[in-house]
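First comes the structure, then the notes that go with it.
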Amino acid sequence: MQNHKRPPASLLFIFGGSGDLNFRKLSPALYNLFIDEWMPEKFGIVGIGRTPFTDENYRAKLLDGIKQFSRRKDEQNGKWQQFSQQITYLQMDAEKDEEYQKIAEIVKTKEQEFGVHPNVIFYMAVAPQLVPDIAKKLGSLNICTDTKYTRIVVEKPFGHDLQSAHDLNKLLMGMFSEEQIYRIDHYLGKETVQNILALRFANALFEPIWNKNYIEHVQITAAETVGVEGRGGYYETSGALRDMVQNHILQLVCMIGMEAPVSFDADEIRNKKVDVLNAIRKISKDEVHEYAVRGQYSEGWMKGEKVPGYKQEKSVSPNSNIDTFAAVKFYIDNWRWQDVPFYVRTGKRLHDKTSIITIQFKPAPQYAFPEEATETWRANRLTISIQPEMDIRLRFQSKRPGQSMILNPVDMIFSYKDAYDGNEPEAYETLLLDVMEGNATLFMRSDQVEAAWKIIMPILETWEARPPVDFPNYSPDSWGPEDAEAIIARDGHNWITLPPLHQE
Ligand code: BG6
């Protein structure tokens, strides 16, 4: 038996219960929480969808998803039977007002069964355009005014632009109060991302040098080898800038850029993060070409396999101008970061799957060493590998053994795989547990979402107004378009990728 406090009784309604997100991410996460004894003593999971399922069929479908996608896959620990008894399926047409009474009835029945009023959690695992209507209909149920127990979880994309995000915030806040709304950015649930707070604020070592006096620039890469994976319909309304930069990458910028919080209170952390977003220098439309680069992948070869170009993907227009790659240079205008560039890039069909943050320090002010000693000299840098490698490497100079004084860069490495048992929870496990516990620290507040949209709006608008002339402009298995190299090379730097620590 684990020695930790479980969350209070909870009842989860998953809209989009028969969909992919639930199948691949939510159910495996909930089952892992159950195996690790983090689920409440009393809980119920109700999948909601239009497709007809009996409870039995539905459970079998979820188990299939777990077997394919859970970090534990086939390792069922003999607990599935016990867990799955708490799962039911509710077939309903979410467009019909009268159907919502079924939800109220389930809550009443479960309350009697549990002997306490449970947390009631509505998870919107549906297409973004359906969220406003479902939220409005839920809003007419009495339970939604219960700010203590009732919560709504909204997936990204949160809005399509600043205006639509603002409208969605307004609509949700008409039905729920801010503390009831959990806007998910799954990057924030990743172990390695949470560890940035520990690295920065649980060590006295880094904070004194974490500023413009010592740091030359920061880089963030979130690269994927996959294409749009059958999500062409969604991606056509999105693109890399909206899909990754507006949310995940700007959140990483916040984690690196924020001031030290005075407590771990959800609002304190979120205040410190929104300060970073508000300090990001506004890029004017005339400057967009200097600060941002877009790309789209062509057809080609990926690790020996022929792959289609973006325009040939399913549900994608053959004339699409959507970006599958984006690189941007940001500045944070405050005392800590003035004039330190933050280069970020993300894309599909790139050479490697890797998310990595590099803190590049300035060179030492003076070298007393003879010139030949410093031929391979490199400035210090700290790299934080988010995934799939999970490690932190600090590069410094050392003397190469031997009779002459030759300096060599070497890495001091902390690797999760070597230090722990490699059984880190997945982001959705952490985030679902937080929702049940009522801890919003890792979720986006309305002002954060809007501040992030404000930052990218000039780029989006400029790109939309000026269609690209060179798409597709990068081949699969590359690192994106040439201009992405130029954006960083102009300042005398280059993108950093790391060799893996563990060869599979
Ligand atoms: C999602 C994007 O938010 O993040 C996807 O919509 C992307 O396009 C995914 O593939 C990447 O997440 P992860 O956890 O695999 O890095």
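Quick note on this note's numbering: the sequence shown kicks off at 1 and runs consecutively.
Ideal Cβ positions, reconstructed from N, Cα and C, are used throughout, including at glycine.
**Pairwise C-alpha distance: Lys303 and Gln219** = 26 Å
**Request:** Could you pull out every residue in the same chain whose Cβ sits closer than 7 Å to the Cβ of Lys285, ignoring the five residues on either side in sequence?
**Result:** Pro458, Glu461 and Thr462
**Item:** Runs of alpha helix (DSSP H) lying entirely within the stretch 181-245, each at least 4 residues, in chain order
**Value:** 191-201 and 232-235
**Asked** In three-state terms, what does DSSP make of Thr497?
**Response** Correct three-state label for Thr497: coil.
**Asked** Alpha carbon to alpha carbon, what distance is there between Leu138 and Leu250?
**Response** 31 Å
**Prompt:** In terms of residues, what are the limits of the beta strand (DSSP E) holding Trp301?
**Reply:** Gly300 to Met302
**Item:** Exposure of Gly402, with buried meaning 16 or more beta-carbon neighbours within 10 Å
**Value:** exposed
**Message:** Could you check if Glu371 belongs to the surroundings of ligand 1, using beta carbon to heavy atom distance under 7 Å?
**Reply:** Remark: the C-beta of Glu371 is outside contact range of ligand 1, defined as less than 7 Å to any heavy atom.
**Asked** So what does Lys399 bridge to, in DSSP terms?
**Response** Leu407
**Asked** Could you give the uninterrupted runs of the alpha helix (DSSP H) lying entirely in the stretch 99-165, keeping only those of 4 residues or more?
**Response** 101-114 and 131-139
**Prompt:** Whole alpha helix (DSSP H) runs in the stretch 277-318 with 4 or more residues, listed along the chain?
**Reply:** Entirely contained in the stretch 277-318, the alpha helix (DSSP H) runs reaching 4 residues are, in chain order, 288-291.
**Request:** Report yes if the C-beta distance between Pro201 and Ile152 is below 8 Å; otherwise report no.
**Result:** Correcting the residue type first, residue 201 is Phe in the shown sequence and not Pro. The answer is no: Cβ separation not under 8 Å.
**Prompt:** How about Met244: is its Cβ closer than 7 Å to a heavy atom in ligand 1?
**Reply:** Within the cutoff, so yes.
**Message:** Along the chain, where does the alpha helix (DSSP H) containing Ala505 start, and where does it finish?
**Reply:** Given that the chain is displayed from residue 1 to residue 504, the structure contains no residue 505 and the question cannot be resolved.
**Request:** Could you check what DSSP says for Gln68 in three-state terms: helix, strand or coil?
**Result:** helix
**Item:** Residues bridged to Lys61 [DSSP beta-bridge criterion]
**Value:** Partner(s): none; Lys61 has no beta bridge.
**Item:** Assigned exposure category for Trp479 - 16 Cβ within 10 Å defines buried
**Value:** buried
**Request:** Would you check whether ligand 1 has a heavy atom nearer than 7 Å to the C-beta of Ser317?
**Result:** no
**Request:** Could you check if Tyr182 is buried or exposed, using at least 16 other CB atoms within 10 Å of its CB as the buried criterion?
**Result:** buried
**Asked** Do you know how far the Cα of Ala94 is from the Cα of Ile134?
**Response** Rounded to the nearest angstrom, the two C-alpha atoms are 7 Å apart.
**Item:** beta strand (DSSP E) segment containing Tyr420, residue limits
**Value:** Taken as a continuous stretch (DSSP letters only), Tyr420 belongs to no beta strand (DSSP E), as it is neither H nor E.
**Asked** Do Lys212 and Asp339 have their C-beta atoms closer together than 8 Å?
**Response** yes
**Asked** Comparing the C-beta of Arg490 with each C-beta of chain B, is any distance below 8 Å?
**Response** No chain B appears in this structure, which consists of one protein chain only.
**Prompt:** Nearest-angstrom Cα distance between Ile322 and Val435?
**Reply:** 34 Å
**Request:** Return helix, strand or coil for Met255, following the three-state DSSP convention.
**Result:** helix
**Request:** Would you mind giving the Cβ-Cβ distance between Arg281 and Pro157, rounded to the nearest angstrom? I have them listed as a contact below 8 Å.
**Result:** Between Pro157 and Arg281 the Cβ distance is about 24 Å, and since that is not below 8 Å, they are no contact.
**Message:** Please classify Val469 as buried or exposed, where buried requires at least 16 other C-beta atoms within 10 Å of its C-beta.
**Reply:** Result: exposed.
**Asked** What separation, rounded to the nearest whole angstrom, lies between the Cα atoms of Trp301 and Glu287?
**Response** 34 Å
**Item:** Exposed unless 16 or more other CB atoms sit within 10 angstroms - verdict on Ala60
**Value:** exposed
**Request:** Closer than 6 Å by C-beta to Ser511: which residues in its own chain qualify, once you throw out the five before and the five after it? Chain order, please.
**Result:** What is shown of the chain runs 1 to 504, which leaves residue 511 out entirely.
**Request:** Tell me whether His248 counts as near ligand 1, meaning its Cβ is closer than 7 Å to at least one heavy atom of that ligand.
**Result:** Result yes, Cβ under 7 Å from ligand 1.
**Item:** Inter-residue CB distance, Lys311 and Pro472 (contact presumed, cutoff 8 Å)
**Value:** With a beta-carbon spacing of about 7 Å, Lys311 and Pro472 fall inside the 8 Å limit used to define contacts.
**Reference Ile209; option with closest CA among Leu350, Lys273, Asp447 and Glu259** = Glu259
**Message:** Starting from Ile14, trace the beta strand (DSSP E) in both directions and tell me its first and last residue.
**Reply:** Ser10 to Phe15
**Asked** Between the C-alpha atoms of Trp377 and Gln163, what's the straight-line distance to the nearest angstrom?
**Response** 49 Å
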